[in-house]
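Asks: Here you go, one structure.
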Amino acid sequence: MASQILPLELIDRCIGSRIWVVMKTEREFTGTLLGFDDFVNMVLEDVTEYETLPDGTRKQTKLRQTLLNGNNICILIPGSSGPEE
117 MASQILPLEL IDRCIGSRIW VVMKTEREFT GTLLGFDDFV NMVLEDVTEY
167 ETLPDGTRKQ TKLRQTLLNG NNICILIPGS SGPEE
């Protein structure tokens, strides 16, 4: 029988490592996961925000730290450096 891991347990194992977060909007974030709560609100540091503009171009913004609302998160990709990888 294969071992099972719960979603919050997987996210907990990612604390301190790089993660790529795809939002429900046209934004994506990469950074180091500092922590999260039961609602999957996340704090990231050394963040790059990628925003896809209406003309199809991608805007990058560097941030020291950010708080992401768990309600707006669509996909989490542990160990990834983002869309430019």
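Taking our numbering, I'd label the letters of the sequence shown as residues 117 to 201. Glycine included, each C-beta is placed from N, C-alpha and C at the ideal position.
State the start and end residues of the unbroken alpha helix (DSSP H) segment that holds residue 122.
Replies: Per DSSP, residue 122 belongs to no alpha helix (DSSP H) and is neither H nor E.
Asks: Taking the continuous beta strand (DSSP E) assigned at residue 172, which residues delimit it?
Replies: Segment: none, residue 172 is in no beta strand (DSSP E) and carries neither H nor E.
Asks: Could you give the residue range of the beta strand (DSSP E) that holds residue 190?
Replies: First-last of the beta strand (DSSP E) with residue 190: 189-194.
Asks: Taking residue 129 and residue 197 to be in contact with their CB atoms under 8 Å, please state how far apart those CB atoms are, rounded to whole angstroms.
Replies: With a Cβ gap of about 18 Å, residue 129 and residue 197 do not count as contacting.
Asks: In whole angstroms, what separates the C-alpha of residue 187 from that of residue 147?
Replies: Rounded to the nearest angstrom, the two C-alpha atoms are 19 Å apart.
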